[in-house]
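**Q** Going down the list, the protein sequences come from chains C and X.
If you count the first sequence from 1, you need to add 4 to reach the numbering used here.
If you count the second sequence from 1, you need to add 4 to reach the numbering used here.
C-beta atoms are modelled at their ideal positions from N, C-alpha and C, and glycine is treated no differently.
There are 2 protein chains.
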Amino acid sequence: MPVNIPTLSAEHLLPVPGVSLGIAEAGIKKSNRKDLLVMTLSKDTHVAGVFTQNRFCAAPVVVAKEHLAKSSVHALMVNTGNANAGTGEIGLQHTGATCMALADLLGCEPCQVLPFSTGVIMEPLPVDRLIKGLPAALVDLKPDNWFAAAQTIMTTDIVPKGVSRQIELNGATITITGIAKGSGMIRPNMATMLGFIATDAKINQAMLQRMARNVADQSFNCITVDGDTSTNDAFVLMATGCADHAEICDQESVAFKHLQATVTAVAATLAQMIVRDGEGATKFITVQVDDGQHVNECKQVAYAVAHSPLIKTAFFASDPNLGRILAAIGYAGIDDLDVNRIQLYLGDVLVAENGGRAPAYREEDGQQVMNQSEIVVRIVLNRGAASATVWTCDFSYDYVKINADYRS
Amino acid sequence: MPVNIPTLSAEHLLPVPGVSLGIAEAGIKKSNRKDLLVMTLSKDTHVAGVFTQNRFCAAPVVVAKEHLAKSSVHALMVNTGNANAGTGEIGLQHTGATCMALADLLGCEPCQVLPFSTGVIMEPLPVDRLIKGLPAALVDLKPDNWFAAAQTIMTTDIVPKGVSRQIELNGATITITGIAKGSGMIRPNMATMLGFIATDAKINQAMLQRMARNVADQSFNCITVDGDTSTNDAFVLMATGCADHAEICDQESVAFKHLQATVTAVAATLAQMIVRDGEGATKFITVQVDDGQHVNECKQVAYAVAHSPLIKTAFFASDPNLGRILAAIGYAGIDDLDVNRIQLYLGDVLVAENGGRAPAYREEDGQQVMNQSEIVVRIVLNRGAASATVWTCDFSYDYVKINADYRS
Chain C
5 MPVNIPTLSA EHLLPVPGVS LGIAEAGIKK SNRKDLLVMT LSKDTHVAGV
55 FTQNRFCAAP VVVAKEHLAK SSVHALMVNT GNANAGTGEI GLQHTGATCM
105 ALADLLGCEP CQVLPFSTGV IMEPLPVDRL IKGLPAALVD LKPDNWFAAA
155 QTIMTTDIVP KGVSRQIELN GATITITGIA KGSGMIRPNM ATMLGFIATD
205 AKINQAMLQR MARNVADQSF NCITVDGDTS TNDAFVLMAT GCADHAEICD
255 QESVAFKHLQ ATVTAVAATL AQMIVRDGEG ATKFITVQVD DGQHVNECKQ
305 VAYAVAHSPL IKTAFFASDP NLGRILAAIG YAGIDDLDVN RIQLYLGDVL
355 VAENGGRAPA YREEDGQQVM NQSEIVVRIV LNRGAASATV WTCDFSYDYV
405 KINADYRS
Chain X
5 MPVNIPTLSA EHLLPVPGVS LGIAEAGIKK SNRKDLLVMT LSKDTHVAGV
55 FTQNRFCAAP VVVAKEHLAK SSVHALMVNT GNANAGTGEI GLQHTGATCM
105 ALADLLGCEP CQVLPFSTGV IMEPLPVDRL IKGLPAALVD LKPDNWFAAA
155 QTIMTTDIVP KGVSRQIELN GATITITGIA KGSGMIRPNM ATMLGFIATD
205 AKINQAMLQR MARNVADQSF NCITVDGDTS TNDAFVLMAT GCADHAEICD
255 QESVAFKHLQ ATVTAVAATL AQMIVRDGEG ATKFITVQVD DGQHVNECKQ
305 VAYAVAHSPL IKTAFFASDP NLGRILAAIG YAGIDDLDVN RIQLYLGDVL
355 VAENGGRAPA YREEDGQQVM NQSEIVVRIV LNRGAASATV WTCDFSYDYV
405 KINADYRS
């Protein structure tokens, strides 16, 4: 069961002026299941994207990057049930055909459509069914359809994921609404499985692209469920410009910083929802590494801890078998690491220092923290001023069950 | 249950002239459980060791490396039930005290004792109980005690692991016998959890050290169960020199190569036994990567596949969800990888080529290979002449169970 995700309902997700969403059951995943989403954007919308670094990246990722580079964007099209990844040349043709079909219906150019797919890898996209589903999605287009959109993009997700915020910006009230999906094959490298955030703020393209990358680095790029970087990760940030305020053109401006902070908060909430709904998750773990020489080494240590099956199963069991954390720190790959300078905290409890167990540490204190559903592991390297945080979940029987049964 | 390990019994493990082994129940692990092993070596034995690269390496690893560097070796002492790792300065003192106690009993110097520990991390070594157990182990010393020794060093291992070979070398018949333990926290980096191989061959120290490293790289350094590099890994190669043949002093000699090939075969058998008895294992997986630019990139790809929880759970389920393998190849970290040149084989079945599913691939062919308990995954990168092989196991409910319950 998801770890502490408040139940989402339609009224939590505010419409964003300039954005409409339409849903259909195209029969890609299975019948009677929403599996196709179309989002249309008003004319002056700027769109920025960040995509997976996986070399086996999916056909829709290749095409979306290409379209984004050469054109303004009028629509996004997302299907679940099939990732169209590991499908070679024919996969690219399939994606091209779907973009062309949607463009025809909308009266725009194919390159104004960004395609996204998620689901099983190395199976041909059922392109005819997808195309047949498009008209129904267009009939359904409306601004207050974000909740249904969040449901539509789910795969092994148990709950839909979305969040809205409103802020005052240059004298106007603007809205930011985001949705995301993802539960397994989650260790984003530059983006997450699928995350879409829209705002009616007015911001130029260069500033929006910079913001998308900054936001991804502080949110989706900080999570891991299983260490598997997906072939289809994409994070898209859309700004329709429908709000009535002066355009943001300067990354040093108060408005840029305010908007970026809010979008980051939205993205971090979505990213954490993905972990909270991580496959089989029963606990939400924050791994914070402080006082490293640089951010990269802090991330290295944080990911070593966050990926260790031994540590993740100990969290599942609420077993303070914390020597496993020391072992992971030790093999994280920092060659000149002096283990005698490290402090390990579980919650507020100092567990280890001077290369071994802290004299005041009592197992019952560690046990008390382990029993909680939200746990912070803090590792202080004492060799610099850099920090990094990674969010992850535990590793349970259900992770094995979900992934052993995925296609059945 | 272990995957295809022939049942070992005492007569399978041949004595090695010059080596005696003694066992005791010291009450370190739990009562009525063999947990202490002493091996004594004849006077002119050469010993070479390879140890974990984990920065949080255990006190006995620190001490064993130190002793090996400065002295000849008269005895090895191994306890299970406690790793004496993450124990700081007091851990080193404890190990020092045990070496001193054994040296007193044997009439040698403490630095002639190599200590080894395996078990739970960050708990103080019960040093008094260990020392009290030593006399019983010495009373038990005998050359034909290898089977009991293999049983003694087990932790979460289900079966004891050992193998013997005999070869003709420079006109003499020499024996090689090895034992190993390990089942979880297995992703050796320069060595394995614990592996001991002895021979009565006559070989000088420099050649033996070189051989130990070569052998480790072709055996223990090619396995992974869970990607967790232990704090206590050690592989020790001992040559008593009791056999009656000319000493091996040249790595280009036929005798060196013959001995190294045989020791490598023994070590690879032991290493594979560790994987076959990997925590919760139901399948034995060989990941072979061919035609890479260099061995390192082949290993990178092989380990990405061998560590992916998504792939390992699919093996457990016998589900040919092979797109997950493409995803892992894609995120293995080779930046200029051309996925269109890659071939993926499952057993003899060509699964993927040209960036997608091979036209002739039929799911029932993949299913047939997946149903087997021994599976070879072969990835051909087609960008060079280098190869690497990694042996691993699947990821089952029992892995979670074993590690959630480890200390209870």
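1. Just how far apart, CA to CA, sit Gln155 of chain C and Pro164 of chain C?
2. Mind listing which residues of the region 47-69 of chain X have their C-beta closer than 8 Å to chain C's C-betas, in chain order?
3. Would you call the region 314-333 of chain X and the region 81-92 of chain C in contact, with 3 or more CB pairs under 8 Å?
4. For Gln427 of chain C versus Ser76 of chain C, is the C-beta spacing smaller than 8 Å?
5. Since Pro313 of chain X meets chain C, which of its residues come closer than 8 Å, beta carbon to beta carbon?
6. Which residues in chain X have a C-beta closer than 9 Å to the C-beta of Phe224 of chain C? List them in chain order.
7. Determine the DSSP secondary structure at Asp39 of chain C, reduced to helix, strand or coil.
8. Count the C-beta pairs between the region 5-13 of chain X and the region 378-397 of chain C that are closer than 8 Å, then say yes if the count reaches three, no if not.
9. Looking at Ala141 of chain C and Leu17 of chain C, is the spacing between their C-beta atoms short of 8 Å?
10. In angstroms, rounded to a whole number, what distance separates the CA positions of Asp237 of chain C and Gly188 of chain X?
11. Could you tell me which of C:Arg59, C:Pro21, C:Ala308, C:Phe239 sits nearest to Ser46 of chain C, measuring between CA atoms?
12. Ends of the beta strand (DSSP E) at Ala392 of chain X?
13. Leaving out the 5 sequence neighbours to the left and right, which residues in its chain are closer than 6 Å to Glu357 of chain X when beta-carbon positions are compared?
14. Please state the DSSP three-state secondary structure of Phe320 of chain C.
15. Just to make sure I have the definition right: I need the residues of chain X whose C-beta is within less than 8 Å of the C-beta of Ala202 of chain C. Which are they?
16. Taking the continuous alpha helix (DSSP H) assigned at Ala141 of chain X, which residues delimit it?
17. Does the distance from the C-beta atom of Phe319 of chain X to that of Ile289 of chain X stay below 8 Å?
18. Along the beta strand (DSSP E) that carries Asp295 of chain C, what are the first and last residues, could you check?
19. Can you find a CB in chain C that lies within less than 8 Å of the CB of Tyr335 of chain X?
20. Pick out the complete alpha helix (DSSP H) segments inside the region 30-87 of chain C, 4 residues or longer, and give them in chain order.
21. Which whole runs of the alpha helix (DSSP H) in the region 178-240 of chain C are 4 residues long or more, in chain order?
22. So which residues of chain X does Ile278 of chain C contact, with C-beta pairs closer than 7 Å?
23. Is the separation between the beta-carbon of Leu3 of chain C and that of Ile157 of chain C shorter than 8 Å?
24. Measure from the C-beta of Asp323 of chain X to each C-beta in chain C and report whether the shortest distance is under 8 Å.
25. Candidates X:Pro19, X:Glu113, X:Ala362: which alpha carbon is nearest Glu127 of chain C's?
26. State buried or exposed for Pro119 of chain C, treating a residue as buried only when at least 16 other CB atoms are found within 10 Å of its CB.
27. Which residue marks the beginning of the alpha helix (DSSP H) containing Gln376 of chain X, and which one marks its end?
28. Specify, as a first and last residue, the run of the beta strand (DSSP E) that Lys165 of chain X falls within.
29. Quick check: the Cα distance between Ser234 of chain X and Ile333 of chain C, rounded to an integer number of angstroms?
30. Please state whether the Cβ-Cβ distance between Leu134 of chain X and Ile32 of chain X is less than 8 Å.
31. Among X:Ala321, X:Thr317, X:Glu15, X:Asp339, which has the Cα closest to the Cα of Glu301 of chain X?
32. Tell me, which residues are paired with Arg361 of chain C by DSSP?
33. Is Thr122 of chain C helix, strand or coil by DSSP?
34. Name the chain X residues whose beta carbon is nearer than 8 Å to that of Asn218 of chain C?
35. From what residue to what residue does the alpha helix (DSSP H) around Val267 of chain X run?
36. So, do the region 290-300 of chain X and the region 246-257 of chain X have three or more beta carbon pairs nearer to each other than 8 Å?
**A** Taking the definition as stated:
1. 5 Å
2. Gln57, Asn58, Arg59, Phe60, Cys61
3. yes
4. Look at the range of chain C in this structure, 5 to 412, and you will see that residue 427 of chain C is not part of it.
5. Asp230, Gly231, Asp232, Pro313, Phe399, Tyr403, Asn407
6. Chain X residues near Phe224 of chain C: none, gap ~15 Å exceeds 9 Å.
7. Assignment of Asp39 of chain C by DSSP, reduced to helix, strand and coil, places it in the coil class.
8. By the Cβ test, the region 5-13 of chain X is not in contact with the region 378-397 of chain C, since fewer than three Cβ pairs between them sit closer than 8 Å.
9. no
10. 32 Å
11. C:Pro21
12. 390-397
13. Gln347
14. helix
15. Under the 8 Å cutoff, chain X gives no residues; its nearest Cβ is about 28 Å from Ala202 of chain C.
16. For Ala141 of chain X, the enclosing alpha helix (DSSP H) starts and ends at 131-143.
17. Contact flag set, yes.
18. 288-296
19. yes
20. Entirely contained in the region 30-87 of chain C, the alpha helix (DSSP H) runs reaching 4 residues are, in chain order, 63-74.
21. Listed in chain order, the complete alpha helix (DSSP H) runs (minimum 4 residues) inside the region 178-240 of chain C are 209-221.
22. Neighbours of Ile278 of chain C on chain X: none; closest Cβ ~16 Å, over 7 Å.
23. Because chain C spans 5 through 412 in this model, residue 3 of chain C falls outside it and cannot be assessed.
24. yes
25. X:Ala362
26. buried
27. Counting along the chain, no alpha helix (DSSP H) covers Gln376 of chain X, and no H or E run does either.
28. 165-173
29. Straight-line measurement puts the Cα of Ile333 of chain C at about 11 Å from the Cα of Ser234 of chain X.
30. The Cβ atoms of Leu134 of chain X and Ile32 of chain X sit closer than 8 Å to each other.
31. X:Asp339
32. C:Ala356
33. strand
34. Per Cβ cutoff of 8 Å: no residues; Asn218 of chain C is ~23 Å from chain X at best.
35. 258-280
36. Between the region 290-300 of chain X and the region 246-257 of chain X, the count of Cβ pairs shorter than 8 Å is below three; the stretches do not touch.
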